[in-house]
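Down below is the structure, laid out as structure tokens.
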Amino acid sequence: MYVSRNGPNKLKRQLPLKFKTKTPRLRFRSEFRIHSHTPFHIHFIFTMAVREERVTEENDAEEAKRLMLKIAAIMDEARTSYATHNRKLKELSLLRSKSSSHSHFFSGFSKTITPLFDFQRRLASADRIVSFVSAFAATAAASGDFLDHFLKFLLAAAAASNKTARFRACQIVSEIILRLPDDAEVSNEIWDEVIEWMKVRVRDKIPVVRTFAVRALSRFVNDSVNSDILGLFLEVLPLEQNADVRKMIVLSLPPSSATSQVIIDCTLDVSESVRKAAYRVLANKFPLQSLSIKLRTVILRRGLADRSVAVSKECFKLLKDEWLMKCCNGDPIELLKYLDVETYESVSESVMEALLKAGLVELQNGASIQQYISSNGDRTEGDSVHCPPSIQPMEAEAALYWRTVCEHLQSEAHAKGSDAAATMGTEAEVYAAEASDKNDLLEKILPATVGEYIELVRAHTNAGSNHRFACRQLLLLGAMFDFSDVTNRKTAGAFLHELMCKPPEHEDDDEGNIVVLGDGLSFGGDNDWAEAVASLARKVHAAPGEFEEVILAIIEELAQPCRERTADYVQWMHSLSLTGLLLKNAKSLRFLQGKAIGPDELLQSLLLPGAKQSHLDVQRIAIRCLGLFGLLERKPSAELLKQLRISYIKGPHSISIEACKALIDLVMWYGPQEVDKMLNLSIPCQLNSEKTTFSPVNFSDSERELDVGTLDILYGGFENDDWASPLPSNEDECVHAILGEGFAKILLLSNNYPSIPASLHPVILSKLIYLYFSDVSEHLHRLQQCLSVFFELYPCLSANHKSCITKSFIPAMRSMWPGIFGNSSGSTFMVSQMRKRAVQASRFMLQMVQIPLYGKEIQPDCENTNTEHPQVIDSCVELPFECGEEGLALRLAVEVIIHKFEVI
């Protein structure tokens, strides 16, 4: 790159760019012409002046050449190692001070480094030269105007058409800017010109030029005078295709309310390096207190669950070093207070699991749950209301902390015990000792007796809704106690009976109506609460049939007013929610036989009457119980199916959603043919291959019961536009979303439903494609995720699936293209948007046809089994003609010909 040591009189290469670095010389022969009539002495004087000028020029040229050789020699040594830079900087500075003039030095310096601007390869030696040159320019800023001239020189290169010159210029400019001290004296005009050119280079077509241009501007982004730089970064970041440029932009963004959400959005970037950079910026620039609770939990949820180990480690580093140690002094409970454990419980659990696995949770000063069970414990006024004197209520963060710690100790003890059982000798003794230590520590943390544990839970139950979360955490600890003793089981059973008989929390609205708090479906108004109660009940009543017997006895007691038709709204909700808890956790209706209230009586006296109640909340929970009851039957009863169909067709939207869920579950569990058989429908016999469309359903005709198949009724729900809008209480739930998810599962498992004609599969698939690309699914995120996974797997599993895709192509296009087959059109803009969407769907379906099938391979360790498992994608599998692109092209050609004949 620079002058060779063997031939110091020749430069290796020159940059083709033309930079005007020479000062103009006085041309005597052109300025002053010597005429024949000029006197001799004047002629002699001019002749001597010309000769002196030539000698001066030759001397200047020799001096410039020597200067360039000295500079080149220094550069040549500086490119070998960073260790020589400090010494060579002093030599170069001394050479500059000894130079006859600063302009001569700058001319030689710029000519010497010119070959660097044409050197394309990014070698370590070239980067060392760039670092050396930048360091010298930064140190020379304190004396003279060298930096001003050099920046102008670099800006000329940044404007060149040569991409390598632009790259090197932006690279050196960025290095100089980052190395300059804050008190460096540079004219404002030069800085303005540098900033403007770097802003231009941010939009350069070469990614590496954009990267260094962003790096150069990063030091000015905090300046209020240059606020447009931040706007430029925020503008180009979503549009940037190169991962390195996106990473540099993220690293350059300052901490502010305008950039926090942008940086957090980059934690979902497809590039691992960008995601790591986002977490690094969040750790270095955003203190824990500066972020909202929602943003904190989003950061942790995405980072700890990231598919890349490097990214998850970067997030854990943020959690440990910045948030736990710096902001919370190493106290996990203090950290949990910043996460709102009651709202973001799953994120808080992930945090505790990560800290426990890393060994960052240390129990100090004998801390345990037993410290909350003390007769002389310190209690603050207000916390001990409604609590026994010996119980101190737990905070939500402490309850979650102790629950996760106990679960971790129990799992560690079980793991060490299993390792001890699988090994022998000294190793087994070591594992057994570790398991014993874990169990001993667990016993020290948990309450000493089951009675104390029950009193602790009861105290939190009676403390009110403010301690409900802590109470649920304590209920989950019941799995760690031994209830084999009769006394313990009797104590726990009495508490469970008391808990289940407690009516649901309710209040009066502005109009004086009673409103039950919660989701209106689960026992206690919360599915997590119901699961916690059920887990403790199954632990206490572990004998076969005991769990069902105990709960049925309570239901029989609670349902007495319902059977006598004297129950109010709250009593109905209480009885049905407890029934739902039983049906969800019961293994079979066989365990309900011969108990306080049998299955038939339960259906006839509670579930079916509840589905006919005037109150919508009672109808909704009763329909849910009917669906659970039907799944436990050997064959679904006709009365149950009829009630579900009626509620699906005639009920309000919220009722239709629950009935739709129940019908889809029953169809998938028993099969559509078995469901229709139990209804004794007078459906005409028809060969499966002959049915190509679903029977039309008129939902507005509520005078007679529809005599059509259950699958036809479900598919007909797609035609009801009122069912496309989600509920205000749940933005992911509507009938169309439930139907889309259900039919996607039916198609994916079509081999399990031979009663569904294969000719209906293309009809279902075309409807799912239409639903996926329609405006309906734009805000239904669960449906979008479900269908995206379905479309990814469906074409890979079977050649029949590919045949179904080719057959559904034409119907899907007919349903989506505006202005044909009864489709609405609208304005020109709307027609254009609908056509674009149809074209996008056609490309999507073509990609599904082109996806290769999964290859199948027999398990080698199972000689007598015929089970096949999908392994790698096999692109060599030969498909039938109609299943590939050729078959699709033929169908399109036939459609075009038919359309032409229709036009003629």
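Add 5 to the 1-based position in the sequence shown for the numbering used here, that's all there is to it.
Cβ atoms here follow ideal geometry from the backbone N, Cα and C, with glycine treated the same way.
Residue i burial status per 10 Å Cβ neighbour count (16 or more: buried)
i	result
CYS910	Outside the shown range of the chain (6 to 909) lies residue 910, about which nothing can therefore be said.
ARG173	buried
HIS786	exposed
TYR653	buried
VAL794	exposed
PHE834	exposed
LEU128	exposed
ILE878	Summary for ILE878: the model assigns pLDDT 47, below 50, so the residue's position carries little reliability; its value from the coordinates is reported in the next sentence. ILE878 is exposed by the Cβ-count criterion.
ALA643	exposed
MET429	exposed
LEU754	exposed
PRO398	buried
GLN176	buried
GLU746	buried
ARG570	exposed
VAL555	buried
LEU597	buried
VAL230	exposed
LEU563	buried
Residue i in three-state terms, based on DSSP
i	result
GLU512	strand
VAL574	The sequence given here has Tyr at residue 574, not Val. TYR574 falls in the helix class under three-state DSSP.
LEU526	coil
LEU414	helix
ILE134	helix
TYR910	Since the first residue shown for the chain is 6 and the last is 909, residue 910 is missing from the structure and cannot be characterised.
LEU858	strand
VAL435	helix
VAL275	coil
VAL521	strand
ALA761	The identity of residue 761 in the sequence shown is Ile, whereas the question assumes Ala. The answer is coil: DSSP assigns ILE761 none of H, G, I, E or B.
ILE654	helix
ILE396	strand
ILE825	coil
ILE662	helix
ILE2	No information on residue 2 is available, as it lies outside the stretch 6 to 909 that the chain covers here.
ILE378	strand
PHE217	helix
CYS739	coil
ASN805	helix
Same chain, Cβ closer than 8 Å to residue i, five either side skipped, listed in chain order
i	result
ILE79	LYS93, GLU96, LEU97 and LEU100
SER830	PRO823, GLY824, VAL836 and MET839
ASP150	HIS107
Neighbourhood of residue i by C-beta distance below 7 Å, restricted to the same chain and skipping five residues each side
i	result
GLU561	ALA601 and ILE602
CYS630	LEU581, THR584, GLY585, LEU588 and LEU612
THR89	GLU82 and ALA83
ALA248	SER276, SER278 and VAL279
ALA616	GLN624, ALA627, ILE628, LEU631, GLN648 and SER652
LEU237	LYS204 and VAL207
GLU503	none
Residues of its chain near residue i, where Cβ-Cβ distance is below 6 Å and the 5 sequence neighbours each way are ignored
i	result
ASN590	ALA539
PHE122	LEU20, ALA162, ALA170 and ARG173
LYS252	SER278, VAL279 and ALA282
PHE155	ALA142
GLU412	none
Is the segment 341 to 356 touching the segment 311 to 320 in the sense that three or more CB pairs, one from each, lie closer than 8 Å? Judged by Cβ distances under 8 Å, the segment 311 to 320 makes no contact with the segment 341 to 356, as fewer than three pairs qualify.
At least three beta-carbon pairs within less than 8 Å, the segment 455 to 466 to the segment 409 to 419: The answer is no - the segment 409 to 419 does not touch the segment 455 to 466, with fewer than three Cβ pairs under 8 Å.
Does the segment 490 to 510 come within contact of the segment 525 to 543, defined as at least 3 CB pairs closer than 8 Å? Touching, per the Cβ criterion.
Inspect the CB distances between the segment 432 to 443 and the segment 476 to 492 and report whether three or more fall short of 8 Å. No contact exists between the segment 432 to 443 and the segment 476 to 492.
Inter-stretch contact (C-beta, 8 Å, three-pair minimum) for the segment 732 to 750 and the segment 760 to 768: Result no; under three Cβ-Cβ pairs closer than 8 Å.
Can you list, in chain order, the stretches of the beta strand (DSSP E) that have 3 or more residues and sit fully within the segment 542 to 604? With a minimum length of 3 residues, no continuous beta strand (DSSP E) run stays inside the segment 542 to 604.
Secondary structure, alpha helix (DSSP H): runs of 4+ residues fully inside the segment 80 to 131: For secondary structure counted as the alpha helix (DSSP H) over 4 or more consecutive residues, the segment 80 to 131 holds these complete runs in sequence order: 90 to 103 and 107 to 118.
The segment 655 to 662 in contact with the segment 673 to 681 per 3-pair CB rule at 8 Å: Result no; under three Cβ-Cβ pairs closer than 8 Å.
Do the segment 591 to 599 and the segment 613 to 628 touch if we need at least three Cβ pairs shorter than 8 Å? Not touching, per the Cβ criterion.
Which residue spans inside the segment 287 to 364 form an unbroken alpha helix (DSSP H) run of at least 4? Correct list: 298 to 309, 314 to 322, 337 to 342 and 350 to 362.
Which residue spans inside the segment 224 to 264 form an unbroken beta strand (DSSP E) run of at least 3? Entirely contained in the segment 224 to 264, not one beta strand (DSSP E) run reaches 3 residues.
What are the uninterrupted segments assigned as alpha helix (DSSP H) that are 4 or more residues long and contained completely in the segment 174 to 221, given in chain order? As far as the segment 174 to 221 is concerned, its whole alpha helix (DSSP H) runs of at least 4 residues are 193 to 206.
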